[in-house]
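Protein chains in written order, with the numbering used here: chain A, -10 to 97; chain B, -10 to 97. One structure below.
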DNA sequence: TCTATATTTCAATAATACTTGAGATATTGA
DNA sequence: TCAATATCTCAAGTATTATTGAAATATAGA
């Protein structure tokens, strides 16, 4: 992941509706969820949900797969891991305070 | 860390100049660096550096301490860890693909 | 083919964020 | 107190992003 991708991914998550969409999709795991259900879950009209879903998709954090009339969105956990790994390693240089927060359950 | 704080922190990092400032400050560790030096390091005029530094500071990701005429900025590694820990735990629910990226050196 | 469903795209508007340069504030030392 | 240094604040202009509702596209089934 390069700097532009990281900035895109961080920017994609730095928005209330999109962060909620991502968290909702995390609960759905590999099943994912269709756009309509996602919009309802985060109380967003269809065009608004679509806009935010494509922002997340452009940032590479979610995938989209058409299944008949619906489009199923899923979290790309590898991409999330890539972004978070970049923050820990490249950005924070594995600083012990950061690593501790990420490894010790209940800490931070 | 609550949702608003996370969004603030993510938004603060989702900008080229600020991400570079943070990375520069990481290399400076607990010594930190004064605003002028930071601005020079990222090729930003003083008012621009000041704007981005206060954005990072408002987000809680860096601290500011006046030392005579200079203001020394430092990364708040605990805050960085808090943000990253939130992403791993609360947001991604400790999904194995995410955790693997963060723990296995060289992975992702 | 017609109709209903699911989602996206578009245009207009509103809200936020970024950059620039000028001027203000804080601190130090002569 | 005065001048120099370091940084911040402000206002104006520009750019980017978000919201809304209407219209377009894609798919499925009668």
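Backbone N, C-alpha and C fix where the C-beta goes; we use that ideal spot for every residue, glycine too.
Please report the distance separating the alpha-carbon of residue 10/A from that of residue 26/B. 40 Å
Quick check on the DSSP output: the beta strand (DSSP E) that includes residue 56/A runs from which residue to which? 51 to 56
So with CB distances below 9 Å, who are the chain A contacts of residue 50/B? In chain order: nothing, as chain A lies at least about 11 Å away.
Proximal residues to residue 96/B (C-beta, below 7 Å), its chain only, five neighbours per side dropped: 89, 90
Is it true that the CB of residue 3/A sits closer than 8 Å to the CB of residue -1/B? yes
CA nearest to the CA of residue 38/A, picked from 61/A, 18/A, 16/A: 61/A
Chain B beta carbons: is any one of them nearer than 8 Å to that of residue 67/A? yes
Go ahead and pull the three-state DSSP assignment for residue 31/B. coil
Where the alpha helix (DSSP H) through residue -5/B begins and ends: -8 to 2
Is there a Cβ of chain A sitting closer than 8 Å to that of residue 82/B, yes or no? yes
Nearest CA to the CA of residue 84/A: which residue from -5/B, 5/B, 19/B, -8/B? 19/B
Please state whether DSSP places residue 48/B in a helix, a strand or coil. coil
Quick one: list the residues of chain B neighbouring residue 77/A, beta-carbon separation under 8 Å, in chain order. 73, 91
So who's on the other strand from residue 75/B, going by DSSP bridges? DSSP, once it has assigned bridges, lists no residue as partnering residue 75/B.
From the DSSP secondary-structure annotation, give me the bridge partner or partners of residue 22/A. 62/A
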